[in-house]
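J.:
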Amino acid sequence: MDVRTSYDALFIDGDWRASQGGGTTDVINPATGSAFGTVPQGTVADMEAAIAAARRAFDEGPWPRMDQRERTALLLRFAAVLESWKDVVGPVVMQESGALQTLIDGTHFGLGLARFRYAAETALRSFDVGTSLGVGYGDVLGGSAVVREPIGVVGAITPFNFPTYLNLAKLGPALAVGNTVVLKPSPLTPLEGLVLGAVAAEAGLPEGVLNIVTGGADVGELLVADRRVDMISFTGSDATGARVMAGAAPSLKRVVLELGGKSALIVREDADVQAAAAAAFGSFTLHAGQGCVLLTRHLVHRSVAEEFVDALRAKAAATVVGDPADPATTMGPLISAAQHRRVCGYLDIAREEGGRFATGGAALDGPGFFVPPTVVEGLGEHARLAQEEIFGPVATVIPFADDEEAVRMGNNSDFGLSGGIFSRNTGAAWRMARRLRTAVVRINGGGTAPDLEAPTAGWKRSGVGTEHGLSGLHEFTLEKSIAFRVG
Ligand code: NAD
Numbered sequence: 040m041d042v043r044t045s046y047d048a049l050f051i052d053g054d055w056r057a058s059q060g061g062g063t064t065d066v067i068n069p070a071t072g073s074a075f076g077t078v079p080q081g082t083v084a085d086m087e088a089a090i091a092a093a094r095r096a097f098d099e100g101p102w103p104r105m106d107q108r109e110r111t112a113l114l115l116r117f118a119a120v121l122e123s124w125k126d127v128v129g130p131v132v133m134q135e136s137g138a139l140q141t142l143i144d145g146t147h148f149g150l151g152l153a154r155f156r157y158a159a160e161t162a163l164r165s166f167d168v169g170t171s172l173g174v175g176y177g178d179v180l181g182g183s184a185v186v187r188e189p190i191g192v193v194g195a196i197t198p199f200n201f202p203t204y205l206n207l208a209k210l211g212p213a214l215a216v217g218n219t220v221v222l223k224p225s226p227l228t229p230l231e232g233l234v235l236g237a238v239a240a241e242a243g244l245p246e247g248v249l250n251i252v253t254g255g256a257d258v259g260e261l262l263v264a265d266r267r268v269d270m271i272s273f274t275g276s277d278a279t280g281a282r283v284m285a286g287a288a289p290s291l292k293r294v295v296l297e298l299g300g301k302s303a304l305i306v307r308e309d310a311d312v313q314a315a316a317a318a319a320f321g322s323f324t325l326h327a328g329q330g331c332v333l334l335t336r337h338l339v340h341r342s343v344a345e346e347f348v349d350a351l352r353a354k355a356a357a358t359v360v361g362d363p364a365d366p367a368t369t370m371g372p373l374i375s376a377a378q379h380r381r382v383c384g385y386l387d388i389a390r391e392e393g394g395r396f397a398t399g400g401a402a403l404d405g406p407g408f409f410v411p412p413t414v415v416e417g418l419g420e421h422a423r424l425a426q427e428e429i430f431g432p433v434a435t436v437i438p439f440a441d442d443e444e445a446v447r448m449g450n451n452s453d454f455g456l457s458g459g460i461f462s463r464n465t466g467a468a469w470r471m472a473r474r475l476r477t478a479v480v481r482i483n484g485g486g487t488a489p490d491l492e493a494p495t496a497g498w499k500r501s502g503v504g505t506e507h508g509l510s511g512l513h514e515f516t517l518e519k520s521i522a523f524r525v526g
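Remember, the numbering used here sits 39 above the position in the sequence shown when you count from 1.
And the structure:
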């Protein structure tokens, strides 16, 4: 089992290769603020080599031409190897990303491996040749065979918040349909990327099929711009997503972008307010608020707003903020000193904008990067706290008068990633859900057990293209119609 907290090489062309720049980067445990590992600092020269390897593996190697059953079997072996290493990889995930054990079990390994296996298995049944009979062509008998084929070389770029989960959710569908991949993980969470190289080697993936290069924006920019790369699957902020789209434009490659959010939870006056508050709190404090789909704008009918805020306050008082290595901890740290400064900056903005803290509002002492659950009241829907993605455990509660106002406020966002409604009138909740301009709406806490078939596609500034489900798998393919004439 080749799992480490320090690597001295990158995974390129099926082998471990020293970085051509020779530099190293410390990996910081956000709960302690101290380095616990090192990785090579990937350079554009390393990225060049990885792209060349992925290109060669696609153009000349066995992977895209392999029988689907064999490819699926190799990917299921990859999943089995990673799962069998869980007890050793799990602590690395905890130290690197600050995830609680519950998230490691449920999201990183549970959902990550489920999505990976879903893609590998679905590829077995979704690539049958479709046929269409040519009609409207006079006397000629003919038709078309419609096939799906891999796009080619896929560049996968991932953020820091759920690295293992997001890496698996991208690699599964990209590889399942026969693409080769260059993965560039976040510079804040490189270990969770590199360990997948060891898994690929153990599982026996052919050389060049999966390449992993650490590094920052310069390394990512080369991957995005390079003409040998056919598609970029990117997850990260909307600002970087816009740069990726622009960087991909000259080569006209396909992009799938899964970006940020500022999702609204609407609590109607007939809601089970305690259940709504429990869901709201669980959401905006999940992984210390570092999640794209979290419900951070709480729009609450004014008749129940006080009860709702009281319930949030009680839950905040019961929260144990600390190192995830301590089993008593219920909420961990922010990823970095920079992210901690950014979130604290928003607490200052809340004060300047006239907000009141129902709970929280001040950073906790280090050495780790901690902010307590924070609920802000007294701000309007246009306030920066109600519009910008903070990526920390900070929620804004805004009262509304009726459904019309709730829907209007819900849609008053540049983003459209997620959303929620609590109401005992499920018909009214359904009608409201249809009016919300967002990709996902969870009614009365639905979606806690994710449906692997359900696609996710960020609306507005939350994304371009689709992830998950069959349509997410199809994003990594191209359709080809082969027309034939019989007579
Ligand atoms: P980020 O945009 O700063 O970085 C994401 C990745 O892009 C990193 O690997 C980074 O090194 C790389 N990168 C940076 N500049 C680049 C460039 N010019 N060209 C190519 N690559 C570049 O995001 P982050 O701070 O790591 O993550 C937080 C963001 O991710 C939040 O906005 C969050 O909402 C979003 N996110 C979205 C989803 C989703 O599914 N929609 C899931 C998780 C996180």
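Quick reminder that beta carbons are idealized off the backbone N, C-alpha and C, glycines included.
For clarity, every value in this text was computed on a predicted model and none was experimentally measured.
#1: Using a Cβ-Cβ cutoff of less than 6 angstroms, which residues in the same chain neighbour PRO226 once the five nearest sequence positions on both sides are dropped?
#2: Name the two residues that bound the continuous alpha helix (DSSP H) containing ARG282.
#3: Hey, could you find the ends of the alpha helix (DSSP H) MET86 is sitting in?
#4: Quick check on the DSSP output: the beta strand (DSSP E) that includes LYS125 runs from which residue to which?
#5: Might you give, ordered along the chain, the residues of its own chain that have their beta carbon closer than 7 angstroms to the beta carbon of ASP106, omitting 5 neighbours on each side?
#6: Output the boundary residues of the alpha helix (DSSP H) element that contains VAL192.
#7: Just the Cα atoms here: how many angstroms apart are GLN59 and VAL221?
#8: Closest by CA to ALA434, which one among PHE454, TRP469, ALA89, ALA389?
#9: Nearest to SER276 by alpha carbon, out of ASN206, ILE251, THR197?
#10: Under 8 angstroms, do VAL415 and HIS379 count as touching if we go by C-beta distance?
#11: Starting from the Cα of ASP404, find the closest Cα among LEU475, ASP47, THR71 and give me that residue.
#12: Just reading off the alpha helix (DSSP H) that ALA212 is part of, what are its end residues?
#13: From what residue to what residue does the beta strand (DSSP E) around ASP54 run?
#14: With a threshold of 7 angstroms (Cβ to nearest heavy atom), would LYS292 be considered close to the ligand NAD?
#15: Where DSSP assigns a beta bridge to ALA74, which residues make up the other side?
#16: Closest by CA to PHE408, which one among ARG116, ARG104, SER136?
#17: Measuring straight from C-alpha to C-alpha, what distance separates GLY526 and GLU518?
#18: What separation, rounded to the nearest whole angstrom, lies between the Cα atoms of ALA344 and HIS421?
#19: Can you find the residues in the same chain that come closer than 8 angstroms, C-beta to C-beta, to GLY419, ignoring five residues on each side of it along the sequence?
#20: Looking at the secondary structure, which residues open and close the alpha helix (DSSP H) in which ARG164 lies?
#21: Locate the beta strand (DSSP E) running through ILE305, then write down its first and last residues.
T.: Short version:
#1: Within the sequence shown, numbered from 1, the residue matching residue 226 stands at position 187. Answer for PRO226: GLY255, listed in chain order.
#2: Stepping through the sequence shown from its first residue, residue 282 is reached at position 243. Per DSSP, ARG282 belongs to the alpha helix (DSSP H) from 277-287.
#3: Here residue 86 corresponds to residue number 47 of the sequence shown, with the count starting at 1. It spans 83-98 - the alpha helix (DSSP H) in which MET86 sits, taken as one unbroken run.
#4: As a working note, residue 125 is residue 86 in the sequence shown. Premise fails: LYS125 lies in the alpha helix (DSSP H), 125-136, not in any beta strand (DSSP E).
#5: Taking the first residue of the sequence shown as 1, we reach residue 106 at position 67. Excluding positions up to five away in sequence, the list is empty.
#6: Against the sequence shown, residue 192 aligns to sequence position 153. Element bounds for VAL192: not the alpha helix (DSSP H) but the beta strand (DSSP E), 192-196.
#7: Here residue 59 is taken as the residue at index 20 of the sequence shown, counted from 1. Here residue 221 is taken as the residue at index 182 of the sequence shown, counted from 1. Distance between the alpha carbons of GLN59 and VAL221 is about 17 angstroms.
#8: Counted from its first residue, the sequence shown places residue 434 at position 395. Residue ALA389 is the option with its Cα nearest to ALA434.
#9: Translated into the one-based positions of the sequence shown, residue 276 becomes position 237. If we check each option's Cα against that of SER276, THR197 comes out closest.
#10: Here residue 415 corresponds to residue number 376 of the sequence shown, with the count starting at 1. Here residue 379 corresponds to residue number 340 of the sequence shown, with the count starting at 1. Cβ atoms of VAL415 and HIS379: not closer than 8 angstroms.
#11: Locating residue 404 in the sequence shown gives position 365, counting from the first residue. Per the Cα distances, THR71.
#12: As a position in the sequence shown, residue 212 is number 173, starting the count at 1. Correcting the residue identity first, residue 212 is Pro in this sequence and not Ala. Start and end: 202-215.
#13: What you label residue 54 is simply residue 15 of the sequence shown in a count that begins at 1. Residues 54-56.
#14: By 1-based counting over the sequence shown, the position of residue 292 is 253. No, the beta carbon of LYS292 sits no closer than 7 angstroms to any heavy atom of the ligand NAD.
#15: Walking along the sequence shown from the start, residue 74 turns up at place 35. BP columns for ALA74 point to ILE67.
#16: Taking the first residue of the sequence shown as position 1, residue 408 is located at position 369. Closest by alpha carbon: SER136.
#17: Sequence index remark: in the sequence shown, residue 526 carries index 487 (1-based). Sequence index remark: in the sequence shown, residue 518 carries index 479 (1-based). Rounded to the nearest whole angstrom, the CA to CA distance from GLY526 to GLU518 is 25 angstroms.
#18: Taking the sequence shown and counting its residues from 1, the one referred to as residue 344 is at position 305. Taking the sequence shown and counting its residues from 1, the one referred to as residue 421 is at position 382. The alpha-carbon atoms of ALA344 and HIS421 are separated by roughly 19 angstroms.
#19: The residue given as residue 419 occupies position 380 in the sequence shown. Correct list, in chain order: ALA425, ILE437.
#20: Position 125 of the sequence shown, counting from 1, holds the residue named residue 164. 151-164 is the extent of the alpha helix (DSSP H) around ARG164.
#21: By 1-based counting over the sequence shown, the position of residue 305 is 266. Element bounds for ILE305: 302-306.
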